[in-house]
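A.B. asks: Take a look at the following structure, please.
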Amino acid sequence: MNVFRILGDLSHLLAMFLLLVKIWRSKSCAGISGKSQILFALVFTTRYLDLFSNFISIYNTVMKVVFLLCAYVTVYMIYWKFRKTFDIENDTFRLEFLLVPVIGLSFLVNYSYTPTEVLWTFSIYLESVAILPQLFMISKTGEAETITTHYLFFLGLYRALYLANWIWRYQTENFYDQISVVSGVVQTIFYCDFFYLYVTKVLKGKKLSLP
Amino acid sequence: HALHRSHDEL
Numbered sequence: 008m009n010v011f012r013i014l015g016d017l018s019h020l021l022a023m024f025l026l027l028v029k030i031w032r033s034k035s036c037a038g039i040s041g042k043s044q045i046l047f048a049l050v051f052t053t054r055y056l057d058l059f060s061n062f063i064s065i066y067n068t069v070m071k072v073v074f075l076l077c078a079y080v081t082v083y084m085i086y087w088k089f090r091k092t093f094d095i096e097n098d099t100f101r102l103e104f105l106l107v108p109v110i111g112l113s114f115l116v117n118y119s120y121t122p123t124e125v126l127w128t129f130s131i132y133l134e135s136v137a138i139l140p141q142l143f144m145i146s147k148t149g150e151a152e153t154i155t156t157h158y159l160f161f162l163g164l165y166r167a168l169y170l171a172n173w174i175w176r177y178q179t180e181n182f183y184d185q186i187s188v189v190s191g192v193v194q195t196i197f198y199c200d201f202f203y204l205y206v207t208k209v210l211k212g213k214k215l216s217l218p
Numbered sequence: 021h022a023l024h025r026s027h028d029e030l
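Order-wise, the sequence lines are chains A and B. All letters in the first sequence, in the order written, are residues 8 to 218 by the working numbering. All letters in the second sequence, in the order written, are residues 21 to 30 by the working numbering.
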């Protein structure tokens, strides 16, 4: 465990927490893509199937449980508790465009052809594209609430910190996980345009709105 | 060179 990894996990946790705070405080999930949140719940579910079969550490178990809980509570907030505020007309990204290639690729490129490994691979590939319905929604409406942009910033920062963690692990342990690294790079690239807008607009006190 | 997946990462 290195500093990049810890900061990455904390950034991920903060992102999910910020999203829940936004929904809970405003009693509204306006501007949030329910589709992205369903994909994240699916990512954690398929990745953490080893929760009961493969004990790694207290930290690992606790974080997995918290991530799963946050993901499911968020989906519950969007589709049940505050569904009247859910901006369904703008959440129109076609999920089959992500799911079909991701399912196909997880069968083609994986470490071992077993159900848990294929599902783990599926979760890694899916995570790299899961934010696209959310980014699509923002580009469609042309704006995002400031707290939503903080959520996106920490979610992107988490994967960028994991990239630093993988470089560190390669240097110190000679360890690398090709599937995670390639997907992590792709995932981080999707946030670059947003990072630019975040730094040039949100951090200068302006609302994120697209021309 | 190691080429395996990281079971300890989240």
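Heads up, the beta-carbon is just placed ideally off N, CA and C, and yes, glycines get one too. No experiment lies behind these values; they were computed from the predicted model shown.
Spell out a yes or no on whether the region 57-72 of chain A and the region 100-118 of chain A are touching, meaning 3 or more CB-CB pairs, one atom from each, closer than 8 Å.
C.D. replies: no
A.B. asks: Does E152 of chain A have its Cβ less than 9 Å from a Cβ in chain B?
C.D. replies: Indexing the first sequence from 1 puts residue 152 of chain A at position 145. No, its Cβ sits nowhere closer than 9 Å to a Cβ of chain B.
A.B. asks: Which residue or residues does DSSP assign as beta-bridge partners of S216 of chain A?
C.D. replies: Numbered from 1 along the first sequence, position 209 holds the residue referred to as residue 216 of chain A. S216 of chain A pairs with A:E150.
A.B. asks: According to DSSP, simplified to helix, strand and coil, what is S26 of chain B?
C.D. replies: Working through the second sequence from its first residue, we reach residue 26 of chain B at position 6. Three-state DSSP puts S26 of chain B in coil, outside helix and strand.
A.B. asks: Okay, do the region 159-177 of chain A and the region 108-126 of chain A touch, 3+ Cβ pairs below 8 Å being the bar?
C.D. replies: no
A.B. asks: Since L115 of chain A is in the alpha helix (DSSP H), which residue starts that stretch and which ends it?
C.D. replies: The residue given as residue 115 of chain A occupies position 108 in the first sequence. Unbroken alpha helix (DSSP H) run through L115 of chain A: E103 to L115.
A.B. asks: Which residue from A:F201, A:V125, A:I95 and A:K91 puts its Cα closest to that of S33 of chain A?
C.D. replies: Taking the first sequence and counting its residues from 1, one reaches residue 33 of chain A at position 26. With respect to the C-alpha of S33 of chain A, the residue from A:F201, A:V125, A:I95 and A:K91 having the closest C-alpha is A:K91.
A.B. asks: Grab me the residues of I13 of chain A's own chain with a C-beta within less than 8 Å of its C-beta, minus the 5 sequence neighbours each way, in chain order.
C.D. replies: Here residue 13 of chain A refers to the residue found at position 6 when the first sequence is read from its first residue. So no residue of the chain qualifies.
A.B. asks: Would you mind telling me which residues of chain B sit closer than 8 Å to W127 of chain A, beta carbon to beta carbon, in chain order?
C.D. replies: Against the first sequence, residue 127 of chain A aligns to sequence position 120. Here the neighbours are R25.
A.B. asks: Please state whether the Cβ-Cβ distance between G15 of chain A and N172 of chain A is less than 9 Å.
C.D. replies: On the first sequence, residue 15 of chain A is found 8 positions in, with the first residue counted as 1. On the first sequence, residue 172 of chain A is found 165 positions in, with the first residue counted as 1. Yes.
A.B. asks: Drop a sphere of 10 angstroms on the beta-carbon of T179 of chain A, count the other beta-carbons inside from all chains shown, and report buried for 16 or more, exposed for fewer.
C.D. replies: Taking the first residue of the first sequence as position 1, residue 179 of chain A is located at position 172. Taking every protein chain shown into account, the CB of T179 of chain A has fewer than 16 other CB atoms within 10 angstroms, so this residue is exposed.
A.B. asks: Three or more C-beta pairs closer than 8 Å, one from the region 154-165 of chain A and one from the region 25-45 of chain A: is that the case here?
C.D. replies: Of all C-beta pairs linking the region 154-165 of chain A to the region 25-45 of chain A, three or more are shorter than 8 Å, placing the two stretches in contact.
A.B. asks: Quick check on D28 of chain B: buried or exposed, where buried means 16 or more other Cβ atoms within 10 Å of its Cβ?
C.D. replies: Residue numbering aside, residue 28 of chain B sits at position 8 when the second sequence is read from its first letter. With fewer than 16 other Cβ atoms within 10 Å, it is exposed.
A.B. asks: Whose C-beta lies closer than 6 Å to the C-beta of I30 of chain A among residues of the same chain, with five residues either side of it excluded?
C.D. replies: As a first step, residue 30 of chain A is located in the first sequence; it is residue number 23 there, counting from the start. The answer, listed in chain order, is C36 and M84.
A.B. asks: Report the rounded CA-to-CA distance for R25 of chain B versus Q44 of chain A, giving the unit in angstroms.
C.D. replies: Position 5 of the second sequence, counting from 1, holds the residue named residue 25 of chain B. Position 37 of the first sequence, counting from 1, holds the residue named residue 44 of chain A. The alpha-carbon atoms of R25 of chain B and Q44 of chain A are separated by roughly 25 Å.
A.B. asks: Within the continuous alpha helix (DSSP H) that includes M70 of chain A, where are the two ends?
C.D. replies: Position 63 of the first sequence, counted from the start, is the residue given in the question as residue 70 of chain A. Unbroken alpha helix (DSSP H) run through M70 of chain A: I65 to Y83.
A.B. asks: In chain B, what lies closer than 8 Å to I63 of chain A by C-beta?
C.D. replies: Mapped onto the first sequence, residue 63 of chain A falls at position 56. Neighbours of I63 of chain A on chain B, chain order: H27 and D28.
A.B. asks: Would you grab the beta carbon distance between F201 of chain A and L159 of chain A for me? Rounded to a whole angstrom, and I think it's under 8 Å.
C.D. replies: Locating residue 201 of chain A in the first sequence gives position 194, counting from the first residue. Locating residue 159 of chain A in the first sequence gives position 152, counting from the first residue. Indeed, because the Cβ distance is near 6 Å, the residues count as touching under 8 Å.
A.B. asks: S187 of chain A versus chain B: which residues are under 9 Å apart at the beta carbon?
C.D. replies: Reading the first sequence from its first residue, position 180 is the one you call residue 187 of chain A. Per Cβ cutoff of 9 Å: R25, S26 and E29.
A.B. asks: How many Å lie between L126 of chain A and T53 of chain A at the Cα?
C.D. replies: Taking the first sequence and counting its residues from 1, the one referred to as residue 126 of chain A is at position 119. Taking the first sequence and counting its residues from 1, the one referred to as residue 53 of chain A is at position 46. Near 5 Å, if we compare the C-alpha coordinates of T53 of chain A and L126 of chain A.
A.B. asks: Please state whether the Cβ-Cβ distance between L133 of chain A and L56 of chain A is less than 9 Å.
C.D. replies: For the purposes of this step, residue 133 of chain A is taken as residue 126 along the first sequence, with counting starting at 1. For the purposes of this step, residue 56 of chain A is taken as residue 49 along the first sequence, with counting starting at 1. Result no, Cβ atoms of L133 of chain A and L56 of chain A do not sit closer than 9 Å.
A.B. asks: Report yes if the CB atom of V136 of chain A is closer than 9 Å to the CB atom of V192 of chain A, and no otherwise.
C.D. replies: Taking the first residue of the first sequence as 1, we reach residue 136 of chain A at position 129. Taking the first residue of the first sequence as 1, we reach residue 192 of chain A at position 185. No, the Cβ-Cβ distance between V136 of chain A and V192 of chain A is not below 9 Å.
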